[in-house]
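Presented below is the structure to which this report refers.
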Amino acid sequence: MKDRTRIRSLSEHIGEDILLCGWVRRRRSSGSKLHFLHVDDGSGAVQVVVKKGGVAEDQLDEARHLPLESTVVIRGTVKEAPRQAGGIEVAATELNILAAATGEFPIGKKEHGVGFLMDNRHLWLRSRRPQAALRIRAEVIRACRSYLDGRGFTNVDAPIFNSAAAEGTATLFPVDYFGETIYLSQTGQLHMEAAAQALGDVYCFGPTFRAEKSKTRRHLTEFWMLEPEMAFADLDESMDLMEGMIGHVIESVTEHCVPDLEALERDIDALRAFAPPFPRISYTDALKTLEGTDAAIEWGEDFGAPQEDAVSAAYAKPVLVHRFPSAIKAFYMKADPEDPRVALGCDMIAPEGYGEIIGGGERSSDLAFLEQKIEEHGLPKEAYEWYLDLRRYGANPTAGFGMGLERVVAWMGDLGHVREAAPFARTMARTFP
Ligand code: 4AD
Ligand code: MG
7 MKDRTRIRSL
17 SEHIGEDILL
27 CGWVRRRRSS
37 GSKLHFLHVD
47 DGSGAVQVVV
57 KKGGVAEDQL
67 DEARHLPLES
77 TVVIRGTVKE
87 APRQAGGIEV
97 AATELNILAA
107 ATGEFPIGKK
117 EHGVGFLMDN
127 RHLWLRSRRP
137 QAALRIRAEV
147 IRACRSYLDG
157 RGFTNVDAPI
167 FNSAAAEGTA
177 TLFPVDYFGE
187 TIYLSQTGQL
197 HMEAAAQALG
207 DVYCFGPTFR
217 AEKSKTRRHL
227 TEFWMLEPEM
237 AFADLDESMD
247 LMEGMIGHVI
257 ESVTEHCVPD
267 LEALERDIDA
277 LRAFAPPFPR
287 ISYTDALKTL
297 EGTDAAIEWG
307 EDFGAPQEDA
317 VSAAYAKPVL
327 VHRFPSAIKA
337 FYMKADPEDP
347 RVALGCDMIA
357 PEGYGEIIGG
367 GERSSDLAFL
377 EQKIEEHGLP
387 KEAYEWYLDL
397 RRYGANPTAG
407 FGMGLERVVA
417 WMGDLGHVRE
427 AAPFARTMAR
437 TFP
């Protein structure tokens with residue numbers, strides 16, 4: 007099929023005879039002599055007209071009985087058709103069935119519950135909504151990588167099998183590793199700190215795992231995280247980078263994914279309006295804005311969804327909340343020299359109820375402080391000796407962050423739930439298909 011034309015580029019071939027391959031997603035007949043096949047090849051969809059005289063008799067008959075989702079190879083002529091989406095259609099001269107579908111496709115026109123659709127995710131992917139979401143996901147990845155690559159960052163990836171926790175022991179997935187218990191990576195950060203000491207500005211991008219017993223629309227057990235880390239950088243530089251990168255993601259998605267955003271009924275103007283600058287507010291000040299509301303919490307308590315939603319609702323933008331209490335943050339965070347009760351960390355909270363999409367900040371470069379934190383957090387010191395070496399041999403301030411890909415994609419597409427932002431979501435209740 008080397009000489010096949012992608013449906014996406016059919017409009018460049020008006021009047022020409024082409025070969026196209028695809029799946030018949032819908033079919034309509036007008037009597038026995040005229041059939042309209044809606045053929046999709048992943049790059050786009052087009053109406054193919056199969057009529058008596060255009061194709062051989064046996065093929066005409068096949069078109070009439072063709073089950074949906076059958077795979078077809080079609081030769082035909084590209085014609086202008088102002089009433090069709092894309093303004094073209096294909097008049098078939100030859101219809102070959104590569105694989106006829108057996109039985110009725112489980113996903114039909116009627117409304118299906120999301121549980122059913124997720125059970126059939128392998129087939130649901132063929133529908134317009136998942137197609138759109140996955141193309142947006144690809145665009146977000148492209149945008150992030152090009153933003154960082156364009157700024158001289160080196161992509162250095164992190165291992166998945168690890169001997170210790172970085173983000174708290176409560177969410178570790180243990181793995182039996184030749185009789186020894188190790189864990190799936192919660193973050194690539196610690197390894198990126200090592201890479202930053204070698205290469206300056208680096209990032210990793212890969213799957214991360216959290217055994218979080220959270221059944222919310224923001225939690226997956228397996229998700230992709232993009233983690234830049236910069237040597238000689240502080241909290242402010244890490245906030246600048248988060249802001250710049252998310253600004254670039256918004257620009258790229260609203261420029262390159264308009265048909266997909268439309269298919270998802272995403273308000274594109276609202277998305278464009280979230281361009282930087284983003285407000286920056288300390289945890290302590292954020293708490294003041296929550297006073298007297300249902301989301302009010304005591305100083306020292308962590309944010310949950312109600313706090314994130316209330317803070318983001320107060321600004322019509324993504325919000326950077328910095329300087330959370332050290333006690334509720336990871337061991338590696340640098341304490342604020344002006345107020346050691348708080349850490350030089352920052353979360354970015356997305357608007358429209360999508361919650362925390364980024365967490366990061368400045369890392370402590372103080373060996374004694376880190377040793378003390380490792381002890382306070384009850385972590386096995388031996389497993390962190392390599393990390394402590396980074397402070398023994400040429401410590402410098404490093405800063406960076408981790409962006410949860412699926413949360414950003416869910417927000418970009420206004421998907422409502424992170425499970426639709428992953429090709430095959432893994433949650434507490436799902437490891438299938
Ligand atoms: O805030 P987190 O836990 O930060 C870290 O792991 C840092 N070590 C990152 C760094 O500084 N390099 O996670 C970062 C982001 C969150 O803001 C969120 O977007 C996403 O990862 N995330 C999840 N996404 C989906 N499901 C989950 N269970 C997630 N947990 C975190
Ligand atoms: Mg976080």
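Numbering (our numbering), first residue to last: 7 to 439.
No residue lacks a Cβ here, since even glycine has one placed at the ideal position from N, Cα and C.
Distances from the alpha-carbon of leucine 376 to those of Tyr338, Glu297, Phe229, Val56 put Tyr338 closest.
For aspartate 353, the Cβ falls inside the 7 Å cut-off from some heavy atom of ligand 2. For glutamate 117, the three-state secondary structure derived from DSSP is coil. Judged by beta-carbon spacing, phenylalanine 159 lies within the 8 Å limit of tyrosine 209, meaning their Cβ atoms are closer than that value. Listed as beta-bridge partners of proline 331 by DSSP are Val348. Contact annotation: the stretch 386 to 394 does not touch the stretch 344 to 364, with fewer than three C-beta pairs closer than 8 Å. Within the model, the alpha-carbon separation for aspartate 345 versus alanine 302 is close to 22 Å. It is roughly 20 Å from the alpha-carbon of alanine 311 to the alpha-carbon of serine 332. Using a cutoff of 7 Å, the CB of glutamine 192 counts as near ligand 1, since one of the ligand's heavy atoms is closer than that. Ranked by how close their Cα comes to the Cα of serine 49, the residues Ser76, Thr11, Leu66, Val79 have Thr11 in first place.
Here DSSP, grouped into helix, strand and coil, assigns lysine 221 to coil. Counting only runs that start and end inside the stretch 55 to 114, the alpha helix (DSSP H) elements of at least 4 residues fall at 63 to 71. Here valine 84 is near histidine 19, since their CB atoms are less than 8 Å apart. Secondary structure note for tryptophan 417: its alpha helix (DSSP H) is the uninterrupted segment 411 to 419. In the DSSP annotation of this structure, the continuous segment of the beta strand (DSSP E) that includes tyrosine 183 starts and ends at 180 to 183. Relative to ligand 2, the nearest heavy atom lies less than 7 Å away from the CB of glycine 365.
Partner residues in the beta bridge of alanine 341, as assigned by DSSP, are Ala349.
Between the beta-carbon of alanine 51 and that of histidine 41 there is about 16 Å, and that puts the pair past the 8 Å contact cut.
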